[in-house]
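For reference, the structure discussed in these notes is given below.
2 protein chains.
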Amino acid sequence: MVPHLTTALTGPLQTLERTFLDNATAIERWLRGKWQNHTPPFYGSVDLRNSGFKLAPVDMNLFPGGFNNLHQSFMPLCVHAAQAAVERICPNAKHLLLIPENHTRNQFYLMNVARIASILSHAGLEVRIGSLLPEITETTKLALPDGQSLTLEPLVRRGERIGLDGFDPCAILLNNDLSAGVPDILKNLDGQHLIPPLHAGWTTRRKTAHFHAYDEVANDFARLLKIDPWLINPYFARSEGLDFHDRIGEDELATRVDAMLAKIRAKYAEYGVEETPFVVVKADAGTYGMGVMTVRDASEVTGLNRRQRNKMAVVKEGLQVSEVIIQEGVHTLETVGGGVAEPVVYMLDHYVVGGFYRVHGERGRDENLNAPGMHFEPLAFETCCNLPDCCAAPDAPPNRFYAYGVVARLALLAGAVELEQTAPVEVATA
Amino acid sequence: MVPHLTTALTGPLQTLERTFLDNATAIERWLRGKWQNHTPPFYGSVDLRNSGFKLAPVDMNLFPGGFNNLHQSFMPLCVHAAQAAVERICPNAKHLLLIPENHTRNQFYLMNVARIASILSHAGLEVRIGSLLPEITETTKLALPDGQSLTLEPLVRRGERIGLDGFDPCAILLNNDLSAGVPDILKNLDGQHLIPPLHAGWTTRRKTAHFHAYDEVANDFARLLKIDPWLINPYFARSEGLDFHDRIGEDELATRVDAMLAKIRAKYAEYGVEETPFVVVKADAGTYGMGVMTVRDASEVTGLNRRQRNKMAVVKEGLQVSEVIIQEGVHTLETVGGGVAEPVVYMLDHYVVGGFYRVHGERGRDENLNAPGMHFEPLAFETCCNLPDCCAAPDAPPNRFYAYGVVARLALLAGAVELEQTAPVEVATA
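So the sequences go chain by chain: B and L.
Everything in the first sequence is counted per the working numbering, starting at 220 for the first residue and increasing by one.
Everything in the second sequence is counted per the working numbering, starting at 220 for the first residue and increasing by one.
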C-alpha cells in the first residue's frame with residue numbers, strides 16, 4: 220500500500236523537515252491565523268517537487284481534476300472538509316450545480332467529476348451536473364468504468380441565474396478551468412454563489428501572479444521558522460510578447476533563462492549541491508502539462524526546431540502562448556516502482572484531504588511528469604499529511620508527508636492571496 | 220480489524236437504516252442548518268444501543284474519556300475537527316490548559332489525556348496539563364504504558380485568570396466532569412475561554428435535562444424523515460426526593476417504573492416485538508456507570524437488599540443520589556468476540572471522529588455494559604460514520620455505521636440545546 224520512498228535523502232531537507240516537526244504547533248497556529256484573514260479556495264491541488272535539498276510547489280491548481288485518484292480511505296476527510304467549506308461559503312445551500320470540463324470520453328476525468336459529486340452529496344448538498352458542451356441538449360447518461368454512471372444535463376440560463384431544467388441551485392461549483400474563455404452563460408450572474416470566482420479561471424489567471432503571491436507567503440513563513448525561503452520557493456521570472464511560431468522574443472527569453480540559471484548556480488554553490496541547474500519554461504496561462512519545456516542552457520530556447528516551437532506555441536483549447544513563466548526547476552528524488560514521481564496534494568477548504576503520486580517511467584528527475592505516459596499511484600500516502608509523528612525519524616513517511624502537507628497549504632494560501640490580488644475591481648469593492 | 224456484527228437484524232431497523240440512507244443528503248443538510256443555530260459542544264461521546272428494532276442514544280458524555288480507544292487511523296479526522304472547533308471557539312488561541320480528572324494511577328485515563336493533548340497540539344495549540352489534585356504541588360511526570368509520559372502541573376490562580384507557572388492560557392479545556400462540585404479555583408474566571416462551560420459538569424448537569432432536549436431534537440428529526448420518533452428515542456421519566464438508604468421514595472419510583480413498562484409493552488405490541496421490556500434506573504447526575512440498575516418489574520425497586528441500595532445510593536466522588544432517570548431499556552443485539560457490545564461514537568465539534576465498541580463478556584443484552592469487566596474494541600469501525608455506501612445493503616457495516624453517526628449527532632445536538640437551556644442567567648443574557 221505504501222510506495223517506495225527514496226531513503227537516501229540527507230542534508231538540508233532533513234534539516235528542513237526537522238524544523239517543520241519541531242515547530243509543528245507554531246506552524247498550525249500560524250496557518251490558523253492566516254485563514255482568519257484569507258478565505259481559502261473551495262478546493263485546490265498542489266504539485267510538489269522534493270529534491271532532497273529543497274521541497275517546493277511547482278503548480279497550484281484551482282480546478283483539481285484527480286479526486287478519483289485519492290484512495291477511498293481519504294473520503295471521510297474529504298466529506299468533513301467539504302462540510303466545512305460549504306458552511307463557510309454557503310451554509311444555507313441546498314442545491315449545487317457542478318460544471319465540469321467539456322470531456323465526455325475521458326473516463327478518468329469523468330470519475331473525478333463523479334467523486335466530487337459524491338463528496339458533496341455526502342456533505343448534504345443535492346448535486347446535479349450541468350454541461351457547457353453545445354451537443355448536450357438533453358439529459359445524457361455516461362457509463363463509468365466502475366459500473367456507475369454520470370448524468371450530464373444542459374445548462375439553462377434564467378435571467379441572472381443559471382441552472383438546469385427544474386433545478387435552481389444556490390451554488391455553482393466550477394470544475395472547468397475556463398481555458399477557452401468565460402462562456403456568456405456564466406457572465407453577470409447574480410444571487411448565486413459561483414465557486415471559485417471567474418477570475419480563478421485560466422482566461423485571466425497567470426502562474427506568475429500565483430508565484431508572486433507565493434513569494435510573500437514563503438517569505439513570511441520562512442521568517443517564522445528562520446529559514447532561507449529559497450528552500451521552499453523556486454525562483455521565477457516572466458517573459459511576455461512571445462511568438463514561438465515567428466521566433467519573436469526568443470533572445471529576451473534566453474537572457475532571462477541565463478540569468479536564472481546563474482542565480483540557481485549561486486544557490487547550489489552556497490548549499491554545496493552538485494546537481495545541474497535547470498529551469499522550466501511554461502505557458503503562463505497553461506495547464507494540463509501542455510506548453511512546458513525543460514531547459515538546462517539558454518541556447519536551448521533559441522535553437523528550438525519546428526516541432527518544439529509548435530509544442531510551446533499552443534496550449535489547451537488552442538490558446539496561443541505569448542506569456543511564459545520561467546521557473547527554477549526542482550529535481551525530484553522520489554521514485555515509485557522505478558518511475559520518477561512527484562507528490563500531488565489535494566485540499567478542500569484549508570484541509571489537506573489526501574494525495575497521490577504522479578509517476579512517469581520514461582522521464583528524468585528534471586523533467587515535467589505531467590505528460591502522456593504518466594500514471595497515478597492512488598495509495599501513495601501511508602498517513603494523512605496533518606499528523607506528524609514526532610518520535611520517528613524526520614524522513615519517516617508520516618513526517619515526510621507532514622512536510623508535504625505544510626508546503627501544499629502554503630501554496631493554497633498563496634492561491635487565496637492571489638485571488639484577492641487579482642479580483643476585478645467590482646468584486647474587490649463589493 | 221472489523222468486529223463481528225450481528226447479521227440477523229431484520230425488520231424495523233433495516234427500514235430505519237434504509238430511510239437514513241435514502242435521505243442522507245437531506246439529513247446532512249438538516250444537521251448543517253441546526254449547527255447554524257446551535258453551537259456544538261467542543262467534544263462529546265454518545266453510547267448507543269441497537270436493538271434491531273430501535274437505535275437510540277442512552278448516554279451523552281460532555282467530558283469524553285476514551286480518546287485512547289480510538290484507532291490511530293481516526294487521528295487525521297480528530298485533528299481536522301479539533302482545528303474546526305478551535306477556529307469556532309477561540310481562533311486566536313495559542314496556549315491551552317487541559318484540566319483532567321483527578322486520576323494519577325488509571326493508565327487508560329492518562330492515555331486518554333495524552334491523546335487529547337496530542338490532537339490539540341497537532342491542531343496548533345501549545346497544550347499543558349493542570350491538575351486539581353492538592354498533592355500535585357510541583358511538576359509531576361507520569362509514565363504511560365506506551366513509553367511516553369504525561370506531565371501534570373499545579374494550577375495557579377492569578378486574579379480572574381487561571382494558568383500554570385509561566386503559562387497564561389487563552390483557553391481552558393475541562394476533561395473533568397466536576398462530579399465533586401466546581402472547585403473555587405475555577406469560579407468567576409474572566410477573559411479566558413472555559414470549555415465546556417461549568418454548567419456542563421455533573422455538579423449541575425442532569426441526564427433528564429439532556430433527554431428532555433433530545434425529545435425535541437428526535438421529534439424534529441422524525442418529522443423530517445416521517446418516522447416514529449420512538450424508533451430513535453427511549454422513553455424517560457424522572458423521580459426525585461429519593462433516599463435509597465432510608466427507602467424513601469421507593470413506591471413512587473416503582474409506580475413510574477410500572478407506568479413506563481406499560482408504555483414500552485404497548486409499543487412492543489404495536490411493532491410486534493417479542494422481547495421483554497425493561498427500564499434502566501440511573502442516578503440523574505451520575506456517570507462512570509455507577510448508580511445504574513436494570514429493572515424488568517416494578518417490584519424489583521421496592522425489594523432491594525442492602526447491597527443493592529448501597530450501590531444505588533452513592534456515585535462518583537461519594538455523591539448521594541436523590542434524583543434518578545428512569546430510562547426505557549434498549550436491548551443490544553451486537554456482539555463482539557462473543558461478548559455483548561454497544562457502540563460508542565466520538566465527536567469533536569460537530570464531526571464524528573471515530574468510535575469503538577464497549578464489550579462485556581459477563582453481561583446480558585439488557586444490562587449496563589459500563590461496569591467492571593468491560594473492555595474496548597478500538598478497531599471496531601471499519602469505515603467512518605460519515606460515509607454511507609448507497610449501493611450496499613442497509614446492514615452493510617459502512618451503512619450501519621452511518622446510522623450510528625447520525626443518531627450520535629442527534630444526541631450531540633441535544634447536548635448543545637441542553638447547554639443553552641441550562642445556562643445560568645448571567646451567561647444566557649451575556
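Using N, Cα and C, we set each Cβ at its ideal position, and we do this for glycine too.
I want to see whether chain B comes within less than 9 angstroms of residue i, judged by CB atoms only; does it?
i                 : result
His-341 (chain L) : yes
Pro-260 (chain L) : no
Ser-458 (chain L) : no
Leu-361 (chain L) : no
Leu-598 (chain L) : Any answer about Leu-598 (chain L) is weak, because its pLDDT of 48 lies below 50 and its placement is not dependable; what the coordinates show is given next. By this cut-off, Leu-598 (chain L) is not an interface position.
Cβ of residue i versus every heavy atom of the ligand NAP: is any distance shorter than 8 angstroms?
i                 : result
Ile-318 (chain B) : This structure lacks the ligand NAP, and indeed carries no ligand of any kind.
Which residues in chain L have a C-beta closer than 9 angstroms to the C-beta of residue i? List them in chain order.
i                 : result
Gln-255 (chain B) : Glu-306, Pro-310, Asn-311
Leu-289 (chain B) : The contacting residues do not exist; Leu-289 (chain B) stays about 13 angstroms from chain L at best.
Pro-643 (chain B) : Per Cβ cutoff of 9 angstroms: no residues; Pro-643 (chain B) is ~29 angstroms from chain L at best.
Run through DSSP, which three-state label would residue i get?
i                 : result
Asn-280 (chain L) : strand
Glu-639 (chain L) : helix
Pro-388 (chain B) : coil
Thr-359 (chain L) : strand
Asn-256 (chain B) : helix
His-651 (chain L) : The question about residue 651 (chain L) has no answer here: the residues shown for chain L are numbered 220 through 649.
Tyr-433 (chain B) : helix
Arg-577 (chain L) : strand
His-341 (chain B) : helix
Ala-273 (chain B) : A quick correction: the sequence has Lys, not Ala, at residue 273 (chain B). It is coil, neither helix nor strand.
Pro-416 (chain L) : coil
Gln-539 (chain L) : strand
Met-330 (chain L) : helix
Arg-584 (chain L) : coil
Ser-292 (chain L) : helix
Arg-424 (chain B) : coil
Met-509 (chain B) : coil
Tyr-262 (chain B) : strand
Ile-544 (chain B) : strand
Asn-287 (chain L) : helix
With a cut-off of 8 angstroms on the beta carbons, I'd call residue i and residue j a contact; round off their distance for me.
i                 : j                 : result
Val-498 (chain L) : Ala-275 (chain L) : Incorrect: roughly 13 angstroms between the Cβ atoms, too far for contact.
Glu-639 (chain B) : His-257 (chain B) : 7 angstroms
Arg-457 (chain L) : Asp-403 (chain L) : Contact flag wrong, Cβ pair sits at about 30 angstroms.
Trp-249 (chain B) : Leu-443 (chain B) : 5 angstroms
Ala-362 (chain B) : Leu-567 (chain B) : About 27 angstroms; that fails the 8 angstroms criterion.
Asn-280 (chain L) : Asn-331 (chain L) : With 8 angstroms as the limit, Asn-280 (chain L) and Asn-331 (chain L) do not qualify as a contact, their Cβ atoms being about 12 angstroms apart.
Report the residue from the options whose alpha carbon sits nearest the alpha carbon of residue i.
i                 : options                                    : result
Gly-410 (chain B) : B:Pro-259, B:Ala-390, B:His-429, B:Thr-495 : B:Ala-390
Trp-254 (chain B) : L:Phe-286, L:Glu-306, L:Arg-268            : L:Glu-306
His-431 (chain L) : L:Gly-468, L:Gly-634, L:Asn-529            : L:Gly-634
Ala-245 (chain B) : L:Gln-233, L:Met-279, L:Val-346            : L:Val-346
Gly-282 (chain B) : B:Pro-260, B:Cys-297, B:Leu-267            : According to the sequence displayed, residue 282 (chain B) carries Phe and not Gly. The shortest Cα separation from Phe-282 (chain B) among B:Pro-260, B:Cys-297, B:Leu-267 belongs to B:Pro-260.
Asp-241 (chain L) : B:Pro-319, B:Arg-577, B:Asn-288, B:Gly-343 : B:Gly-343
Val-265 (chain B) : B:Gly-592, B:Asn-587, B:Tyr-565            : B:Tyr-565
Leu-392 (chain B) : B:Thr-495, B:Ala-312, B:Met-531, B:Thr-358 : B:Ala-312
Glu-459 (chain B) : B:Lys-482, B:Pro-453, B:Thr-427            : B:Thr-427
Thr-359 (chain B) : B:Thr-323, B:Ser-398, B:Asn-287, B:Val-277 : B:Thr-323
Leu-369 (chain B) : B:Asn-325, B:His-569, B:Ile-381, B:Met-509 : B:Asn-325
Glu-494 (chain L) : L:Cys-309, L:Asp-465, L:Val-644, L:Asp-585 : L:Asp-585
Arg-525 (chain B) : B:Gly-556, B:His-341, B:Asp-465, B:His-412 : B:Asp-465
Asn-650 (chain B) : B:Leu-397, B:Ile-467, B:Tyr-433, B:Val-572 : What the structure shows of chain B is the stretch from 220 to 649, and residue 650 (chain B) is not part of that stretch, so it cannot be assessed.
Name the chain L residues whose beta carbon is nearer than 8 angstroms to that of residue i?
i                 : result
Tyr-570 (chain B) : His-299, Gln-302
Any Cβ of chain L within less than 9 angstroms of the Cβ of residue i?
i                 : result
Ile-246 (chain B) : yes
Arg-251 (chain B) : yes
Leu-631 (chain B) : no
Pro-295 (chain B) : yes
Ser-292 (chain B) : yes
For residue i, return the contacting residues in chain L, with the cut-off set at a CB-CB distance below 7 angstroms.
i                 : result
Glu-345 (chain B) : Thr-244
Leu-654 (chain B) : For residue 654 (chain B) there is no data in the structure shown, the boundaries of chain B being 220 and 649.
List, in chain order, every chain B residue whose beta-carbon is nearer than 7 angstroms to that of residue i.
i                 : result
Leu-444 (chain L) : The contacting residues do not exist; Leu-444 (chain L) stays about 14 angstroms from chain B at best.
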